[in-house]
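*Asks:* In our numbering, the protein residues as written are 182 to 281.
Positions of the beta carbon are idealized from the N, C-alpha and C atoms, including for glycine.
Below is one structure. I have some questions about it.
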Amino acid sequence: MAKKKVEPPSPPLEIVRFPDFSPQFKEDLGWWYKTAPRKVDKIFELITDTMKHPFEGIGKPEALKHLDADTWSRRIDLEHRLIYRVRHDRVDFLQARYHY
């Protein structure tokens, strides 16, 4: 009797999402460049991590219940949050200043 050939499990399917930056987000990023350039590095670090893992990672990701479904925030610092919405094929970055 011949043995059955066992195929190794396939790697998990990775979803590719593209970033989309709202006009408000771009305005907020410009504000950070003028007032606290060091925070811009933190924001880009949060963006990079969000693109890889939208629901976990650095900045304490938190689902926002009072906004649309799939809207999340991450901490830039104690006062300011990075607000984004996760869609099937993209991540919409909505805001990078203030608290929701």
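Mind listing, in chain order, the continuous alpha helix (DSSP H) runs of no fewer than 4 residues lying wholly within the segment 197 to 230?
*Replies:* Within the segment 197 to 230, the complete alpha helix (DSSP H) runs of at least 4 residues are 204 to 216.
*Asks:* So Val-197 packs on Leu-210, CB below 8 Å; how close in whole Å?
*Replies:* Between Leu-210 and Val-197 the Cβ distance is about 23 Å, and since that is not below 8 Å, they are no contact.
*Asks:* Judging by CA-CA distance, which residue of His-280, Trp-253, Glu-260 and Asp-258 is the nearest neighbour of Val-272?
*Replies:* The shortest C-alpha separation from Val-272 is found at Trp-253.
*Asks:* Which first and last residues belong to the beta strand (DSSP E) in which Asp-251 is found?
*Replies:* Neither: Asp-251 is in no beta strand (DSSP E) and is coded neither H nor E.
*Asks:* What residues are listed by DSSP as bridge partners for Asp-273?
*Replies:* Bridge partners of Asp-273: Asp-201 and Arg-266.
*Asks:* With 16 other CB atoms within 10 Å as the buried threshold, where does His-261 fall?
*Replies:* By the 10 Å Cβ count, His-261 comes out buried.
*Asks:* Given Asp-270, which residues of its chain have a CB within under 7 Å of its CB, disregarding the five upstream and five downstream residues?
*Replies:* So the list reads Arg-198 and Phe-199, once near-sequence residues are dropped.
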